[in-house]
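Numbering (the numbering used here), first residue to last: -10 to 149. Backbone N, C-alpha and C define an ideal beta-carbon position, used for all residues, glycine too. Heads up: the structure comes next, in structure tokens.
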């Protein structure tokens, strides 16, 4: 199953200047729990935003730079190539950024979206998707608290 996983503001904002717009520890925990042990597909800039590769995951990096190298990672030039290097009968997570989500959306079976209750300025956005094509399967509200500046909702969408 191809799964897009993201945290996006009400205006679909994901990040600015290759940085996330918020710090939501519960969202990080959910991301880690869902993606651990799986292949994760990302763009080069998303990969470079990490201090080091994420543990217990196989990193597949999409880049236009034909000579790009990343230790212990698979580097490819397209979404189609990225999907080909991933195991067929396993969950594969697409983790960003905005351009990569756009490329992956037509292939996706599921979207794990953390919808953050704010609209912020950004330069990377999650793609629009139609409720005609997607069914909201689960929705779990989390109120802001001392560790979370914004309210947010964990939403799971399944392609119809």
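- Taking the CA atoms as reference points, residue 17 sits about 15 Å from residue 144.
- The alpha helix (DSSP H) runs of length 4 or more contained entirely in the region 23 to 66 are, from start to end of the chain, 33 to 37.
- Around the C-beta of residue 85, 16 or more other C-beta atoms lie within 10 Å, and the residue is accordingly described as buried.
- Counting C-beta pairs closer than 8 Å gives fewer than three between the region 115 to 128 and the region 73 to 80, which falls short of the contact rule.
- Residue 130 places its beta carbon 8 Å or farther from that of residue 87.
- A residue is called buried when at least 16 other Cβ atoms come within 10 angstroms of its Cβ; residue 48 meets this threshold and is buried.
- For residue 11, DSSP records no beta bridge to any residue.
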